[in-house]
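S.K.: Let me begin by handing over the structure; questions about it come next.
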Amino acid sequence: MKIKLFWITIIKILGLLLFFEFLEILSQLITSLIYVFVPDMEQNIVWASSLVSIFIILLYLMIIYLLVFKSSWIVDKLKLVRDSEIEIINIGLKISSILVIAIIIVGGVIFINSFALLSKNLYDYFQQQKANNYSPTIGWIIFNSIKTLLGYLLMTNSKIVANYIGKQSQINRNGI
1 MKIKLFWITI IKILGLLLFF EFLEILSQLI TSLIYVFVPD MEQNIVWASS LVSIFIILLY
61 LMIIYLLVFK SSWIVDKLKL VRDSEIEIIN IGLKISSILV IAIIIVGGVI FINSFALLSK
121 NLYDYFQQQK ANNYSPTIGW IIFNSIKTLL GYLLMTNSKI VANYIGKQSQ INRNGI
């Protein structure tokens, strides 16, 4: 594996991690936007909060797109590899195999983290139901259920995700 390919793989892995962190931030932004649209709020605050949230979402999406699909451009712009540098790291794996392994690891981390939070939220929900209290955790139960499912799907369908990322990178390199 050439050094440039190594850096491209690392950048794509960082992009995948950022994408899944973005999902958590997106849910928090949506929740905060819901509370902004309270009838007592001033319109300036509503518009400012909405614009800031949209800006943050677009910024995250742009960075994720660059990290996952334009990683060779990032390597070139950051000059992580010199033209005279022809070193090869011999690990005996193809880039697609490394990407599959990385996706499985990312999916596993997401699954473990969200499953733990899901278990905690379910426990809290049932404790509050016994006490006949209103439970605001139902939204988090749904969110962590989806995130747990997403982590599981990443682990089990890692080849499909790796092929898609590879295909999109190939299309971007060829300019199609």
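If you read the sequence shown in the UniProt record's numbering, its first letter stands for residue 1, the second for the next number, and so on. Just so it is clear, CB atoms sit at the ideal spot from N, CA and C, and this is done for glycine as well.
(1) Taking the C-alpha atoms as reference points, what is the distance between I63 and L26?
(2) Please say whether Y123 and T137 have beta carbons closer to each other than 7 angstroms?
(3) For Q128 and S97, what's the separation of their Cα atoms in angstroms?
(4) Could you tell me the alpha carbon to alpha carbon distance between L66 and K94, rounded to whole angstroms?
(5) Assuming the contact rule is C-beta atoms closer than 8 angstroms, T121 and I105 should be a hit. Round their C-beta distance to whole Å, please.
(6) Return the chain-ordered list of same chain residues with a C-beta closer than 7 angstroms to the C-beta of A162, the five sequence neighbours on each side being excluded.
(7) Could you compute how far the alpha carbon of T156 sits from the alpha carbon of E42?
(8) Would you mind reading off the limits of the alpha helix (DSSP H) that contains T148?
(9) Would you call L59 buried or exposed, if buried means 16 or more other Cβ atoms sit within 10 Å of its Cβ?
M.R.: Well, looking at it:
(1) Cα to Cα, I63 sits roughly 15 angstroms from L26.
(2) Result no, Cβ atoms of T137 and Y123 do not sit closer than 7 angstroms.
(3) Whole-angstrom Cα-Cα distance: 46 angstroms.
(4) CA-to-CA, the gap between L66 and K94 works out to about 22 angstroms.
(5) In the sequence as presented, Thr is not what sits at residue 121; that position holds Asn. Going by Cβ atoms, the distance from N121 to I105 rounds to 25 angstroms, so no, they are not a contact pair.
(6) Same-chain partners within the cutoff: S96, L99, V100, I103.
(7) Those two C-alpha atoms are separated by around 47 angstroms.
(8) That run of the alpha helix (DSSP H) goes 138-156.
(9) Within 10 angstroms of the beta-carbon of L59 lie fewer than 16 other beta-carbons, which makes it exposed.
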